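The structure under discussion appears below in the form of structure tokens.
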Amino acid sequence: MSSVTIRKERRQYILGVLIIVYSACLLYWMFIGFGRTRHANGPLVYNVIPFETIGIFIRSIHQASNVAWIINLFGNIGVFIPFGLILPILFKRLRSYWRLMVYFFLIVTVLELSQMLLRAGSCDIDDVILNVTGVCIGYGILRLLFKRYISYE
-16 MSSVTIRKER RQYILGVLII VYSACLLYWM FIGFGRTRHA NGPLVYNVIP FETIGIFIRS
44 IHQASNVAWI INLFGNIGVF IPFGLILPIL FKRLRSYWRL MVYFFLIVTV LELSQMLLRA
104 GSCDIDDVIL NVTGVCIGYG ILRLLFKRYI SYE
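Position 99 of the sequence shown, counting from 1, maps to 82 under our numbering, and the rest follow consecutively.
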């Protein structure tokens, strides 16, 4: 086995472990962290109107605490950037922009629905939009830095 092949396998292994650990942390944050409590009673909490929650945060930028809107808007984007950077390197199938976006849209939608159904949060289409935007930004960075991992399908 050549040293190039060994380095590539080692890089794939390290990136795989990192994305698994990162995903586990993200799932913890989505379902348990940040002081989340299950709301066992009452109606399911959801928003299916695109840009409604984003608009509320933008309109109340001077009224809401800076931390709340920064976490909600930029946090929902930022925490998903690593997926756009790492997944296309790990999986050749995800080197296509559209395939990565479709897969991630479906995955994030399932996670949002799970938060609502498990009553560990809400299902918000704006979170899906922001999360997929983060993946898109990560993919864009990867495309700028490492064109060999990108497919133009």
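Each residue gets a CB set at the ideal place from its N, CA and C atoms; glycine is no exception. These numbers come from a predicted model, not from an experiment.
Endpoints, alpha helix (DSSP H) assigned at residue i
i	result
Met99	Tyr80 to Leu100
Arg42	Glu35 to Arg42
Val(-6)	According to the sequence as given, residue -6 is Arg; it is not Val. Arg(-6) -> alpha helix (DSSP H) spans Ser(-14) to Phe14.
Val62	No alpha helix (DSSP H) contains Val62, which DSSP labels as neither H nor E.
Ala51	Asn49 to Trp52
CB of residue i within 7 angstroms of CB of residue j, strictly
i	j	result
Asn30	Asp107	yes
Leu125	Leu68	yes
Arg21	Arg102	yes
Arg28	Ser105	It should be noted that the sequence gives Val, not Arg, for residue 28. A contact, by the Cβ cut-off of 7 angstroms.
Phe40	Trp52	yes
Tyr5	Pro71	no
Val111	Val93	no
Leu128	Leu73	no
Asn59	Leu113	yes
According to DSSP, residues forming a beta bridge with residue i
i	result
Asn30	Asp107
If we count Cβ pairs, one from each stretch, closer than 8 angstroms, do we get three or more for the segment 28 to 47 versus the segment 116 to 130? no
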